[in-house]
Every structure is written in structure tokens, then in C-alpha cells.
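Asker:
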Amino acid sequence: MTEAPAGGRPSGDDLAAELRRHAARLLPAAMVPSLIVELPELPRTPSGKLDRAALPAPDAARGPVRAEPGDEREAALAEIFAEVLGLPAVGADDDFFRLGGTSVHAVRALAGMSARFGTRVPPLRFFQEPTVRRLARVLREGGGS
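Throughout the sequence shown, residue numbering follows this note's numbering, covering 4 to 148 in sequence.
1) ASP74 by DSSP, collapsed to three states: which one?
2) Just to confirm before moving on: does the CB-CB distance between ASP98 and THR48 stay below 7 Å?
3) Looking at ILE83 and GLY115, is the spacing between their C-beta atoms short of 7 Å?
4) Rounding to the nearest angstrom, what Cα-Cα distance links ALA95 and VAL124 in this structure?
5) Can you tell me which of the three DSSP states ARG47 falls into?
6) In angstroms, rounded to a whole number, what distance separates the CA positions of LEU138 and PRO36?
7) Less than 7 Å separating the beta-carbons of ARG111 and VAL87?
8) ASP17 by DSSP, collapsed to three states: which one?
9) CB-CB under 7 Å to LEU113, same chain, minus the five flanking residues each way: which ones, in chain order?
10) Assuming contact is defined by CB atoms lying nearer than 7 Å, are PRO46 and ASP54 in contact in what I supplied?
11) For PRO72, I'd like the list of residues in its chain whose CB is within less than 7 Å of its CB, leaving aside the five on either flank, ordered along the chain.
12) Using a Cβ-Cβ cutoff of less than 8 Å, which residues in the same chain neighbour ARG76 once the five nearest sequence positions on both sides are dropped?
13) Closer than 7 Å by C-beta to SER117: which residues in its own chain qualify, once you throw out the five before and the five after it? Chain order, please.
14) Mapping the DSSP letters down to three states, classify LEU138 as helix, strand or coil.
15) Between LEU38, LEU90, ASP74, GLN131, which lies nearest to PRO59 when the distance is taken from Cα to Cα?
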């Protein structure tokens, strides 16, 4: 566990990292949040229920720094991931499933990869190597078939 400051608990990025580590011990990787926003209190409706509409949008600028793709193949894969997931950008080391990808998204990404590169990557390899950088390596090695 992270060393807590004098106030008794980690703050900011340290707290978010600690929460992600804790969640990773209890949840499947795809369910561990990639971005955690600390709020002083949760917004409530007049009846006391959580007011989801009043929750602030996460500030993407506070998210993790994304590694830039290293070559054209990685850049193309990052574009495919971003398009399939509806994100503005995807980094070379971002995990497809931690970004919100599901098996349906994976099928769409695999179809996009097949159309773009003319080679088929087996779905199992996609699940085993779910980052742009690792899938680019699979493609360089011949598609993993």
C-alpha cells in the first residue's frame, strides 16, 4: 500500500493508483477503471438517489499520458482502436479492454485489422495481446495464425 501523508490517506494520483491496484485484485482487468475522479461528495436527487446526470464529465487531460505509436503499423492500429471504441486517441501501450472494449468491439477491431493489413489475427491472440504495440508485433510476426 502507498505510504499515506500526514493527513492519513494518499492524495490525487497516488490515491487513484492505489484504488486501481485494489480494484485489480478484486475485478477482471476489463472492469478496472482507467480514470478515477475524486469528488467531495456524490450529487443526489431530491429523493436521495445518485444523480448520474449531475456527475461531472471526466477530464481527459487528467488521464494517463499515452505512449505515441512507434511506427506506421502501430499508428494504423491506434486509429482502428480509437475508431472502434469511439475515442479521440489511443496510445501504443493502452489496453483495449481497459479502455472499455468488449468482445463485440474486439470483433470489429479484428475486422478493421484484416481489411487494413490483409492478414487475420486469431481472436485468442487479440485477447492475449490487447495493446497496439503488442498486436503490431503479432502482425510483424505474420498474424499469429
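Cβ atoms here follow ideal geometry from the backbone N, Cα and C, with glycine treated the same way.
Answerer: Based on what the coordinates show:
1) coil
2) no
3) Yes, the Cβ-Cβ distance between GLY115 and ILE83 is below 7 Å.
4) 18 Å
5) Strand.
6) 22 Å
7) yes
8) If DSSP states are grouped into helix, strand and coil, ASP17 belongs with the helices.
9) VAL124, PRO126, PHE129
10) yes
11) ALA78, ALA81, ALA95, VAL135
12) PHE120, ALA139, LEU142, ARG143
13) ARG123
14) It is helical.
15) LEU38
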